[in-house]
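Structure record follows, encoded as C-alpha cells.
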Amino acid sequence: MDVKKLLSKMTLEEKASLLSGLDFWHTKPVERLGIPSVMVSDGPHGLRKQDEQADHLGVNESIKAVCLPTACASAASFDRDMLRQIGEAVGDACQHERVAVNLGPAVNIKRSPLCGRNFEYFSEDPYLAAQLSASLIKGVQSRNIGVSVKHFAANSQENRRMSSDSVVDERTLREIYYPAFESAVKEGKAWTVMCSYNRLNGEYASQHRGLLTDLLRGEWGFDGYVVSDWGAVSDRVKGVHAGLDLEMPSSGGANDKRVVDAVRAGLLDEKDVDLAVERILTIHKRYLDNAKPETEWDMEAQHELSRRLAAECMVLLKNEDGILPIAEGESVAVIGKFAKEPRFQGGGSSHINCFKVESLMDALEGVPGITYAQGYDIVTEEPDEKLIAEAVAVAAKADKAVIVAGLPDSFESEGYDRTHMRMPACQVELIRRVAEANPNTIVVLYNGSPVEMPWIGAAKAVIEGYLGGQAVGGATKDVLWGTVNPCGRLPESFPHKLEDNPSYLSYGGEGDVAVYNEGVFVGYRYYDKKKMDVLFPFGYGLSYTSFAYSNLCVDAESIKDTDTLKVTVDVTNTGSVAGKEVVQLYVGDCESTVFRPVRELKGFEKVGLAPGETKTVEFELDKRAFAYWNVQLNDWHVETGEFTIEICRSSRDVVLAKKITVESTVELPAHFTVDSIFLDLMKSPKAMAVLKPLIDGVMQAMGMSSESDTASSAISKDMMEAMIRYMPLRSAASFSGGQLSYDQLAGMVEMINQA
Ligand code: BGC
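Note that the numbering used here has the sequence shown beginning at 150, numbered continuously upward.
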C-alpha cells in the first residue's frame, strides 16, 4: 500500500469518507482503490470484540476472551515487565482476531477515589502512570497491533462526561495530567491517541487544536492518528482542522458531507483532509503489512498468565501477628459472595466476555478443612441476619476466617461516579461480627478504587486485591497460602475518609464546569504537604519477608540541570522467604519560589531477592526529575538549589536520604516595568547593576542604609525593609521629593530590559 500514491488518486468525497467509521468498530474501505476496512476494538486488559450487535457501553455480548488484571490492579505491581506481558497477550489476541487497534490503555489520573472509571486508570501519580502505560504500549505494539491511548485529556470524572469542561491551569496539566500521554507518544510510540469527550479549558478535546496538533504533534512528535472517543465529535469541520483524524463511530455520512462542503466553500483547507487521510492510512498499513491472523491465541495459557500476574498485583495492607500466610492443614472458613463469584473487572466498554472465571472457592477445590458461607448479598446493602449468622457459625469453628468483600458492580462503573467511598453496610457489619466470633479474621478486597475501612481494627490481615482479572480466585489463594509472596504497592493513597481528598470541594464540577482547584497537589502530593494522616499512603505494601536498605550513593554532590545523576542503593532480603521489593525514589526541592510537593516519585524498580540476598538498584535522574513547569518560560525549569533524593518504602516512609545541589543553566527572561516591585528587581543582577545607587538613596531617605543598620529598632528596620521590598519602582518618584521623575525611572527600566 503506497499511501501517498493512493491519496493522489482519491476524490475529495473518498478522502472525506475515510475520516469517519463505517459502523461501530470498522473504518471505511475504498473498494475502487483496494483500501480495506480495518477493525478496532476495546481493551485495555483484554479484547472486547463485538461481532454482531455493537455498542460502546459493554451491553451486548462480545466474543469469548481473557480478562487480564485491570489497570487499577496492574498498576499496583509497580512492574514494567508485567505490563509488557499484558500488552503482548492483548496484542496476540488482536492479531488472531484481525483487530488492528486495541482501544487502550486509559491513562487518566485518579484525581478522586470517586471516579467511576478509576479501575481502568493507573494511578494518582503521573510518573507511575507514564512508566507503566508506556510498557503496556510496547507490549501490544510489539505484536504490530496499534494502541489508542485514551482519553486525551483531563478526563478524570464520569459526571457529565460528554459535556463537562475541565478547567485546569497549564502547570498542572504539564506536571500531572499530560505526562502519561507524553510518554505514550515519546517512549511508547503509540500508533493512535483517543481524544476525550470533555472540554479542556472551554474547548472540546475533539476540536482542540492546541491539544491535538500543537502539543501532541508539534511538541511531542506524535505521528499516528487521533480518533474521537465514541460520539465525542461536536463540530467535525473544526475537528479536522484541529487534528482529529478519525471520527468514531459512523456519522452516517453526515459529517463526511460537511467536510466536503466546507472544503468546497473554502472553509477548510483540503490539505487538512489530506493530512488526516495520510495518517489514517499509514497506521492501517502498519497493521496490514504485518497482519498475522494465524497467530495462536492460547486462552488457557493466558488464563494462567492472568493468575500469575494477579497474585503479584495484590497489596498486603495489614498482617498482625504474621497471621498470613495460612499454613497447610489449618481449617479456614471462607466467607463472602465474592469468594464464589468474584468481582474482577469493571463495567462499561472494557468489559470482557471471559471464557472462564476462577473464584477462590474454585481454586480451593479439594483442599481439606475449607468451609464456606455466603455472608452478604450484592443486590441489597442491608445486612442479612441469616447470612451473617451462618458466616459467624462457620467462622467460630475454623482456625481462621477469610472474608472476601469489596465493591459490587453497581457501586463503580464507566458512565457515572461514586457518590461516597463506603463499602456496602452489609459487608461492614459482616466483618465486625465474624471478627468477634474469630479473632483470626482476614479480609480480602475486590474493588477498583479506595474504600473507607471503619472496620480495619477488627481484621488481623487485609489484602487489597483490586480487580485482578478472571483468574483472581487462584491468585488470591496463592497469596493467602503463601505460594506467592505479596509484592504489590498502592498506586494511590487511601484517605481515611472521602472528605480528606484534595479534590473533595470541587470534584464533579458545578454544572458543566469542573475546576481542578487543587492544582498539582493531587493524591500524596497533597497529603504529604499537609502532613495529614492517611489510612494507607501511596506506594505502601507489606511482604511475608523483610527488606533492609543500605549504601545510598550519588555520583555527584552537585550537578547542572543538563547533567544526569546516577543514584544507587543496596537492598537486602533480611527475612526467611524469597520476595520482591519495590524500591521507590522520590525527589524534593528544599526551597522553591513556586509551590511544590514535598516529594515526587521519580524512579522505581521491582527487585526479586532470595533470603539473605543483596542487589544494587540503580536510578538515573535527568533534568525532568528536578523540574517544575514554568509558565513564563513555557518549559521545564529547575531552580538552582538543594534537592533531596529519598529512597522510600512509601511516600510516607523515607528509609535513606541525601541532598544534592542542582544548578540551573537557564536564566529566566526578566521583563521589568515601572510597576515591578523592589523585591523582584533586587533578585536580578542586571537590575541591581542599574538600580543600586537608587536603592541606596531610597533606603537612606527612609532612614536606613543597605550596608549599615542605622534604624532605631529591629522591628522598624524589618518593617521598613518590607515596605521597600513590596514597593513598585514608580513609588521612588513619589517618595523622592522631586529628585526623580517617572520618566527617569522608565528610562532605567528600559536600560535593564535591554541589558
Ligand atoms: C469509552 C472509550 C471506549 C469507546 C468504545 C467510549 O464510551 O469512553 O473508552 O474505547 O467507548 O467502546
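Virtual Cβ for every residue (Gly too), placed ideally from N, Cα, C.
Delimiting residues of the beta strand (DSSP E) encompassing residue i
{"i": "SER699", "result": "696-703"}
{"i": "GLU795", "result": "790-799"}
{"i": "PHE768", "result": "763-770"}
{"i": "ASP191", "result": "189-191"}
{"i": "MET343", "result": "341-344"}
{"i": "ALA459", "result": "Unbroken run through ALA459 is the alpha helix (DSSP H), 448-460; no beta strand (DSSP E)."}
{"i": "GLY737", "result": "728-738"}
{"i": "LYS807", "result": "802-812"}
{"i": "GLY376", "result": "Correcting the residue type first, residue 376 is Val in the shown sequence and not Gly. Unbroken beta strand (DSSP E) run through VAL376: 374-377."}
{"i": "GLU613", "result": "610-613"}
Residues near residue i by beta carbon distance below 7 Å, same chain, minus five either side
{"i": "ALA283", "result": "SER332, ALA333, GLU336 and GLY337"}
{"i": "LYS807", "result": "LEU701, VAL703 and ILE794"}
{"i": "MET448", "result": "VAL215 and PHE504"}
{"i": "GLN356", "result": "SER383, ASP384, LYS387, GLY388, ALA391 and LEU393"}
{"i": "ALA697", "result": "THR721 and THR723"}
{"i": "SER508", "result": "ALA488, LYS489, GLU490, PRO491 and GLY622"}
{"i": "LEU894", "result": "VAL823, LEU878, ARG879, ALA881 and ALA882"}
{"i": "ALA547", "result": "SER480, VAL481, ALA482, THR520 and ASN587"}
{"i": "ARG582", "result": "ILE537 and VAL541"}
{"i": "VAL412", "result": "LEU161, GLU419 and VAL422"}
Beta-carbon proximity list for residue i, same chain, < 6 Å, skipping 5 on both sides
{"i": "THR717", "result": "CYS702, THR765 and GLU767"}
{"i": "GLU269", "result": "ALA220, ALA255 and SER499"}
{"i": "PHE827", "result": "ILE873, ARG874 and MET876"}
{"i": "GLY192", "result": "VAL239, ASN251, LEU252 and GLY253"}
{"i": "SER261", "result": "ASN650, SER652 and TYR656"}
{"i": "ALA819", "result": "SER833"}
Nearest-angstrom Cα separation, counted from residue j out to residue i
{"i": "SER725", "j": "ASN634", "result": "11 Å"}
{"i": "GLY690", "j": "LYS299", "result": "28 Å"}
{"i": "VAL317", "j": "TYR665", "result": "5 Å"}
{"i": "ASP363", "j": "ALA391", "result": "9 Å"}
{"i": "SER865", "j": "ALA278", "result": "52 Å"}
{"i": "GLY236", "j": "LEU196", "result": "11 Å"}
{"i": "PRO474", "j": "TRP630", "result": "5 Å"}
{"i": "GLY518", "j": "LEU805", "result": "45 Å"}
{"i": "SER455", "j": "LEU252", "result": "20 Å"}
{"i": "GLU368", "j": "PRO588", "result": "58 Å"}
{"i": "ASP719", "j": "GLU816", "result": "37 Å"}
{"i": "ALA860", "j": "ASP867", "result": "Bear in mind that the predicted position of ALA860 carries a pLDDT of just 47, short of 50, making it unreliable; the figure below should be weighed with that in mind. ALA860 and ASP867: Cα-Cα distance of roughly 9 Å."}
{"i": "SER825", "j": "MET897", "result": "12 Å"}
Whether residue i touches residue j by CB criterion (7 Å)
{"i": "VAL342", "j": "VAL375", "result": "yes"}
{"i": "PRO254", "j": "LEU458", "result": "no"}
{"i": "ASP405", "j": "SER598", "result": "no"}
{"i": "ALA624", "j": "GLY617", "result": "yes"}
{"i": "GLN202", "j": "SER211", "result": "no"}
{"i": "TYR777", "j": "VAL731", "result": "no"}
{"i": "PHE670", "j": "PRO651", "result": "yes"}
{"i": "VAL553", "j": "GLY495", "result": "no"}
{"i": "PHE753", "j": "PHE775", "result": "no"}
{"i": "GLY373", "j": "TRP340", "result": "yes"}
{"i": "LYS467", "j": "VAL621", "result": "no"}
{"i": "SER313", "j": "ASP661", "result": "yes"}
{"i": "GLN306", "j": "GLY657", "result": "yes"}
{"i": "ARG571", "j": "GLU601", "result": "yes"}
Segment limits, alpha helix (DSSP H) that includes residue i
{"i": "THR431", "result": "419-437"}
{"i": "THR625", "result": "621-629"}
{"i": "LYS546", "result": "534-546"}
{"i": "GLY388", "result": "385-391"}
{"i": "ILE901", "result": "891-903"}
{"i": "LEU285", "result": "275-290"}
Residue i at chain B interface by Cβ criterion, 7 Å
{"i": "ALA403", "result": "Of the chains in the structure shown, none is chain B; there is only one protein chain."}
Integer-rounded CB distance, given that residue j should sit under 8 Å from residue i
{"i": "VAL296", "j": "ALA249", "result": "The Cβ separation is near 11 Å, so there is no contact."}
{"i": "CYS264", "j": "ASP566", "result": "6 Å"}
{"i": "ARG638", "j": "VAL464", "result": "6 Å"}
{"i": "ALA354", "j": "TYR326", "result": "So it is not a contact: roughly 12 Å between Cβ atoms."}
{"i": "VAL152", "j": "LEU167", "result": "Actually they do not touch by this definition, with Cβ atoms about 11 Å apart."}
{"i": "GLU324", "j": "PRO275", "result": "7 Å"}
{"i": "LEU530", "j": "ALA574", "result": "At residue 530 the sequence reads Glu, which differs from the Leu that was named. Confirmed, about 5 Å."}
{"i": "CYS344", "j": "SER377", "result": "6 Å"}
Beta-carbon proximity list for residue i, same chain, < 8 Å, skipping 5 on both sides
{"i": "ASP649", "result": "TYR676, MET681 and VAL683"}
{"i": "GLU445", "result": "ASP241 and HIS245"}
{"i": "LEU156", "result": "LYS164, ASP423, VAL426, GLU427 and LEU430"}
{"i": "ALA225", "result": "CYS462, MET463, VAL464, GLU613, TYR615, GLY637, ARG638, LEU639, PRO640 and GLY690"}
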